[in-house]
Amino acid sequence: MLLFVFLATVALWGVLRIYQQRQRLWKMATHFNGPKPHWLLGLLPLFPANDIPGIFETMVKLHEQYGQDLFNWGLLNDHMIIVTSATNVEKVAMAKKTEKSQIYDFIKPWLGQGLLISSGEKWFHRRKIITPTFHFKILENFATVFNREGEVLVEKLSPYAKSGREFDIYEPISLYALDSICETSMGVEINAQRHPENQYVRDVKRMSELVLLRIFHVLSSFPQLYWYTMPNAWEQRKLIGRLHDFTDSVIQKRRQQLLSAANNNPSRQVSEEDENDMIGDKQRKTFLDLLLNVTVEGQPLSDADIREEVDTFMFEGHDTTTSGIAFTFYQLAKHPEIQEKIYQEIQDVLGADFRSVPLTYSTLQNFPYLDMVVKESLRLLPPVSFIGRRLVEDIEMNGVTIPAGTDFTIPIYVIHRNPAVYPDPERFDPERFSDESTQRRGPYDYIPFSIGSRNCIGQRYALMEMKITIIKMLGHYRILPGENMPQVRLKTDLVLRPDKGIPIKIQPRP
564 MLLFVFLATV ALWGVLRIYQ QRQRLWKMAT HFNGPKPHWL LGLLPLFPAN DIPGIFETMV
624 KLHEQYGQDL FNWGLLNDHM IIVTSATNVE KVAMAKKTEK SQIYDFIKPW LGQGLLISSG
684 EKWFHRRKII TPTFHFKILE NFATVFNREG EVLVEKLSPY AKSGREFDIY EPISLYALDS
744 ICETSMGVEI NAQRHPENQY VRDVKRMSEL VLLRIFHVLS SFPQLYWYTM PNAWEQRKLI
804 GRLHDFTDSV IQKRRQQLLS AANNNPSRQV SEEDENDMIG DKQRKTFLDL LLNVTVEGQP
864 LSDADIREEV DTFMFEGHDT TTSGIAFTFY QLAKHPEIQE KIYQEIQDVL GADFRSVPLT
924 YSTLQNFPYL DMVVKESLRL LPPVSFIGRR LVEDIEMNGV TIPAGTDFTI PIYVIHRNPA
984 VYPDPERFDP ERFSDESTQR RGPYDYIPFS IGSRNCIGQR YALMEMKITI IKMLGHYRIL
1044 PGENMPQVRL KTDLVLRPDK GIPIKIQPRP
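Counting in this note's numbering, the sequence shown runs from 564 upward without gaps.
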């Protein structure tokens, strides 16, 4: 009897706590837009189960229907605030203290506490260590790789140009980006373009899908229960094992290369004070070389530290760049007049030998129209379509105090479609990024690489790779839409991508 009374008391106390929290959340939610939630499941019933494109489409429609700044309910009192107004985006992005939101917890088993996820002192020190890798002098070295791999891409696509067959451009771009990221950042050639059945590419894609399905699963608030009971979680563990094995093999291969090259002249360790020496040291120009040689407070990074940064860099530098390049070709296939303007600019800047002139970081500064096209493509189809933050301190928003611990989502895809900033927002118009038009936008209206202290550290790398790839491709081929291009559906797992690929055709240029 006493046990029953005790258990009943505990249960009643728990229900009372949930109810009290619910009342506080209801009061806060009245200051934001959004549909009325189910009393238990929140807004989860609105999202189609196991339909990744459908989940993305529902997210976008909610903003179209209810406007800016939504309060999103999950199971019981689980919630997040989705901000799209420039005022509130600024408050979240520029808050003095924030962490990554709960969404990123779902990729920690894969990426660990790498730069994307870490916070506090660890994030600060890692950012300081990694930043020199993206100095423009080192980017000049990377351009050589992009030129070479871009020529391989052109060569591998030549059979499609000769036959006129339709194909999915996303897959070869993915292999090209993987070759490029491995060589520029790891110093290792894996020749994915020449061996296209690459397990890593397939595993990253599936891993991203499983993460999104977990975010919208009814058990998302109970990670341990999900991790040990759901078939998707079992599959995820297998994928993580293979992805870690791949990274370990890349690290060990590069470690052996460095040891062999050292021979009788071993490289000295790189301390935090010596980081700037990386800029001029061609023998240590890669991201992985830096991690293998750096010391923090006199200690080298552990193998686990190196792997989590390598995994993070491989993911961010491969998948996001693939999306950016492939979707730019998608837009160019639909807009041949814009494509021809770029082709004319290529000839004007590079001259008669435009197909063979090596492209450099400096050369790319002479392509203003291409720059406008790339920016407009990243507006309409940003590779990272949303970012998440968690408050560490209370802030004021919409006339109410938002407590520390609240999760926010900043949906970049939606922000870039604000008709007040971008008239006729679905229209692809590079002229939006002419100097005059750019001056009329605020700093929070265009954020393809995020914003604030945690913005994308590799944005110059990504833009350089995108532009070199486009110049190489358009110098050889005319991009045409495939028959099924109008049916392309979008999905966003960790990265915005097409659900069933991007069907195009190519024609050789004279």
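Idealized CB from N, CA, C, for every residue including glycine.
Collapsing the DSSP output to three states places Y1040 in a strand. Taking C-alpha positions only, Y1040 is separated from I1069 by approximately 6 Å.
D916 and V767 have their alpha carbons spaced roughly 38 Å apart. Rounded to whole angstroms, the Cβ separation of L633 and G597 is 4 Å, and the two are in contact under 8 Å. According to the DSSP assignment, H807 belongs to the alpha helix (DSSP H) that extends over P794 to A825.
Under DSSP, no beta-bridge partner is assigned to V573. Straight-line spacing of the CA atoms in F785 and N710 works out to 47 Å. The Cβ atoms of R1023 and F697 sit closer than 7 Å to each other. Residue T858 holds the alpha-carbon nearest to the alpha-carbon of R689 among Y582, V568 and T858.
DSSP places V715 inside the alpha helix (DSSP H), whose first and last residues are F699 to S726. If you draw a straight line from the Cα of G1021 to the Cα of Q928, it is about 17 Å long. Between the beta-carbon of T747 and that of T884 there is about 11 Å, and that puts the pair past the 8 Å contact cut.
Going by beta carbons, I909 and M1029 fall outside the 7 Å limit. Only residues of its own chain outside the window of five on either side were considered, and among them L773 have a CB closer than 7 Å to the CB of E798, listed in chain order. For Q762, the enclosing alpha helix (DSSP H) has its first and last residue at Q762 to I778. Check the Cα spacing between L854 and each of K719, V873 and P1011: the tightest is with V873.
Beta bridge pairing from DSSP links Q1070 with R1041. Below 8 Å, enough C-beta pairs join the region 774-782 and the region 610-618 to call them touching: three or more. Contact annotation: L1057 and S771 have beta-carbon atoms nearer than 7 Å. When only Cα atoms are considered, Q819 and I1065 end up about 39 Å apart.
In the displayed model, D916 falls within coil according to three-state DSSP, outside both helix and strand. Nearest neighbour of F890 by Cα position, chosen from P1061, W602, V646 and G605, turns out to be P1061. The residues H594, F595, D632 and N651, in chain order, have a CB closer than 8 Å to that of N961 in the same chain once the five nearest residues on each side in sequence are set aside.
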